[in-house]
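What follows is a set of notes on a single structure, which appears directly below.
In this note's numbering, the protein residues as written are 1291 to 1408.
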């Protein structure tokens, strides 16, 4: 392994350790729940649409993605999704709908989520 690669691995380990320390401190700090009272009579129930997104909503969301940005580690840029035809939108819609209906992420997609984002 070259010196450059060792340096990159070391930087990633340091970054990972720093993030884990930050979240340990963040999650273990005292909360303010002692003085918090929940009054269910005064709670407001908002009308929230919990139906799966339509193809048009997915298209609008992709259109607002910043250009030349990759949202995740898979390096699929916004340009690919923006330039994609209706077939790409239908594929994204099918994946999203199956996750929505079954409440389970497909196994082939879980493998891609196992890698850290940093």
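Yeah, the Cβ is synthetic: ideal placement off N, Cα and C, and Gly gets one too.
Reduced DSSP secondary structure (H/G/I, E/B, other) of residue 1354:
coil
What is the residue span of the alpha helix (DSSP H) that residue 1388 lies within?
1376 to 1392
Just the Cα atoms here: how many angstroms apart are residue 1302 and residue 1371?
29 Å
Evaluate contact between the region 1305 to 1316 and the region 1346 to 1354, counting only Cβ atoms and requiring at least three cross-stretch pairs below 8 Å.
no
According to DSSP, is residue 1343 part of a helix, a strand, or is it coil?
coil
With H, G and I counted as helix, E and B as strand and the rest as coil, what does DSSP make of residue 1292?
coil
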